[in-house]
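Asks: Take a look at this one; I'll ask things after.
Residue numbers (full-length UniProt numbering): 1 to 171.
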């Protein structure tokens, strides 16, 4: 990249509304954790949009409470039971585990540590130049079986190759 241009991968993708509640085409299935239709508070699509912007900005894309929303936005949770994000024979769960392990290897190299992967916790994603993932997972030091830590990794997956943008201990 040019020295005068900011690295787009470090910026958050702007939130945009894909479908308002009640306008999702029938052929689209969104298993996203969503607020029930009869659940309060009933807020407008515009109010949901501003709430989503706040959730994304406050959590940097990692901790979005999708249960607050009826509308569908470009930021979505990863559904481990839906294998559309993985290439066969790998499942989405195996794919997420692989990305977690790769992120933790990256973290260990940079920080000269020896964390090992424990478990996937959750992930969100959106489409950009590839698929951008915001993954939260658990790891522990090899020398300490009792103390596990949560990590947050941001990866761009494009052309079959994951690029780790960041991997840090969760604040």
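Every residue, glycine too, gets a C-beta built ideally from N, C-alpha and C. As the structure is a prediction and not an experimental result, all values here were calculated from the model.
For residue 55, I'd like the list of residues in its chain whose CB is within less than 7 angstroms of its CB, leaving aside the five on either flank, ordered along the chain.
Replies: Closer than 7 angstroms at the Cβ level, and outside the excluded window around residue 55, lie 64, 65.
Asks: Pick from 97, 84, 127: whose alpha carbon is nearest that of residue 156?
Replies: Of 97, 84, 127, the residue nearest in Cα terms is 127.
Asks: Take every Cβ of the region 85-103, pair it with every Cβ of the region 130-140, and state whether three or more of those distances are shorter than 8 angstroms.
Replies: The region 85-103 is in contact with the region 130-140.
Asks: In this structure, how does DSSP classify residue 110 when only helix, strand and coil are distinguished?
Replies: Helix, per DSSP.
Asks: From the DSSP output, in three-state form, read off residue 66 for me.
Replies: Helix at residue 66.
Asks: Taking the CB atoms as reference points, tell me whether residue 73 and residue 24 lie closer together than 7 angstroms.
Replies: No, Cβ-Cβ distance for residue 73 and residue 24 is not below 7 angstroms.
Asks: Below 6 angstroms CB to CB, which residues in the same chain sit around residue 104 once its five sequence neighbours on both sides are set aside?
Replies: Closer than 6 angstroms at Cβ, skipping near neighbours: 115, 117, 139.
Asks: So, are the CB atoms of residue 152 and residue 168 less than 7 angstroms apart?
Replies: The answer is yes: Cβ separation under 7 angstroms.
Asks: What residue from 166, 12, 26 has the CA that sits closest to residue 108's CA?
Replies: Here the closest residue by C-alpha is 166.
Asks: What three-state label does DSSP hand residue 1 in the structure shown?
Replies: The pLDDT assigned to residue 1 is 47, lower than 50, so where the model puts this residue is not dependable, and the model offers no usable value.
Asks: Using only alpha-carbon positions, find the residue among 159, 70, 62, 142 that is nearest to residue 40.
Replies: Cα-wise, what sits closest to residue 40 is 70.
Asks: Using 10 angstroms around the beta-carbon of residue 48, count the other beta-carbons present and answer buried if the total reaches 16, otherwise exposed.
Replies: Classification for residue 48: buried.
Asks: Do residue 150 and residue 122 count as a contact pair if the criterion is CB distance below 7 angstroms?
Replies: No.
Asks: How would you label residue 119, buried or exposed, when you count the other beta carbons within 10 angstroms and need 16 or more for buried?
Replies: Looking at its Cβ environment, which holds fewer than 16 other Cβ atoms inside 10 Å, residue 119 is exposed.
Asks: According to DSSP, what are the bridge partners of residue 140?
Replies: Answer is 116, 148.
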